[in-house]
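Enquirer:
The following block contains the structure:
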């Protein structure tokens, strides 16, 4: 554990709390992509299968349980409790275009040819693109509630912080995880456009609006 | 090298 990873994980934790706060306080999941949330639940469930047979640490265990539970809870809120506030007609990204290629990539790039390792690889690739339906929706509507942009910023910060973490681990532990690093860099790059608008508009007190 | 003890990152 190093400071970058800890801050990254805390940022990830914060992003989920912000998302829950957004849904509860506005009593609405408007502006949130159900598809992205469903992909995250898939990511956590396929990645954290090792909960059942591999003990890393209490920290690791608690975080994994939290990420699985909170992502499923968000799906419940969107699908049942606040269902009328979710508009599927603007959440139109075709997730099969993500799931298929990620499955193929997992078959090509993995550390061991076992089911848990293939699912782990799949989850890494899927996480790297899981935000796309959300960003696509943002692009379509051209605007977002400020709290939703804070959610995305915290999520992006989590990914960005994992990069110095890998550099640090490379130097101090001689540890490199090429699959996670490659997918992680792609994932972080997807946020660059969003971050530009977030820093130049939202943090200056303006509404998140994309140029027409 | 890849961590032989499994995946310790979240």
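Residue numbers (the numbering used here), protein chains in the order written: chain A, -3 to 208; chain B, 3 to 12.
The C-beta atom is built at its ideal place from N, Cα and C for all residues, glycine as well.
Report the residues of the stretch 171 to 203 of chain A with a CB closer than 9 Å to any CB of chain B, ordered along the chain.
Expert: For the stretch 171 to 203 of chain A, which is checked against every Cβ of chain B, the residues closer than 9 Å are 171, 172, 173, 174, 175 and 176.
Enquirer: If contact means a Cβ-Cβ distance below 8 Å, which residues of the stretch 107 to 125 of chain A contact chain B?
Expert: Listed in sequence order: 107 and 116.
Enquirer: Taking only the alpha-carbon atoms, compute the straight-line gap between residue 91 of chain A and residue 139 of chain A and give it to the nearest angstrom.
Expert: Using only the alpha carbons, I get a separation of about 22 Å.
Enquirer: Residues of chain B with CB closer than 8 Å to the CB of residue 56 of chain A, please, in chain order.
Expert: 10 and 12
Enquirer: DSSP puts residue 139 of chain A in a beta bridge; with which residues?
Expert: DSSP lists A:205 as partners of residue 139 of chain A.
Enquirer: Roughly how many angstroms separate the alpha carbons of residue 146 of chain A and residue 106 of chain A, rounded to a whole number?
Expert: 34 Å
Enquirer: Hey, out of A:64, A:-2, A:33 and A:80, whose CA is closest to residue 23 of chain A's CA?
Expert: Considering only alpha carbons, the answer is A:80.
Enquirer: For residue 165 of chain A, name the three-state secondary structure that DSSP assigns.
Expert: helix
Enquirer: Please confirm whether residue 32 of chain A has its beta-carbon closer than 9 Å to some beta-carbon of chain B.
Expert: Not one chain B Cβ lies under 9 Å of residue 32 of chain A.
Enquirer: Hey, is the stretch 3 to 14 of chain A in contact with the stretch 144 to 162 of chain A, meaning 3+ C-beta pairs nearer than 8 Å?
Expert: Counting Cβ pairs under 8 Å, three or more are found: they touch.
Enquirer: Check the Cβ of residue 52 of chain A against every Cβ in chain B and list those closer than 9 Å, keeping chain order.
Expert: 7, 8, 9 and 10
Enquirer: What separation, rounded to the nearest whole angstrom, lies between the Cα atoms of residue 56 of chain A and residue 182 of chain A?
Expert: 24 Å
Enquirer: Starting from residue 119 of chain A and walking both ways along the alpha helix (DSSP H), at which residues does that stretch end?
Expert: 111 to 125
Enquirer: Kindly indicate which residue of A:32, A:31 and A:64 has the alpha-carbon position closest to the one of residue 46 of chain A.
Expert: Distances from the alpha-carbon of residue 46 of chain A to those of A:32, A:31 and A:64 put A:64 closest.
Enquirer: Any chance the stretch 23 to 33 of chain A sits against the stretch 191 to 206 of chain A, with 3 or more Cβ pairs inside 8 Å?
Expert: no
Enquirer: For the alpha helix (DSSP H) that residue 8 of chain A lies in, which residues bound it at each end?
Expert: Annotation for residue 8 of chain A: the continuous alpha helix (DSSP H) segment containing it runs -1 to 22.
Enquirer: Can you list the residues of chain B that residue 1 of chain A reaches, using a CB-CB cut of under 8 Å?
Expert: Per Cβ cutoff of 8 Å: 11.
Enquirer: Verify whether the separation of the beta carbon atoms of residue 116 of chain A and residue 42 of chain A is less than 9 Å.
Expert: Judged by their CB atoms, residue 116 of chain A and residue 42 of chain A are nearer to each other than the 9 Å cut-off.
Enquirer: What separation, rounded to the nearest whole angstrom, lies between the Cα atoms of residue 19 of chain A and residue 83 of chain A?
Expert: 14 Å
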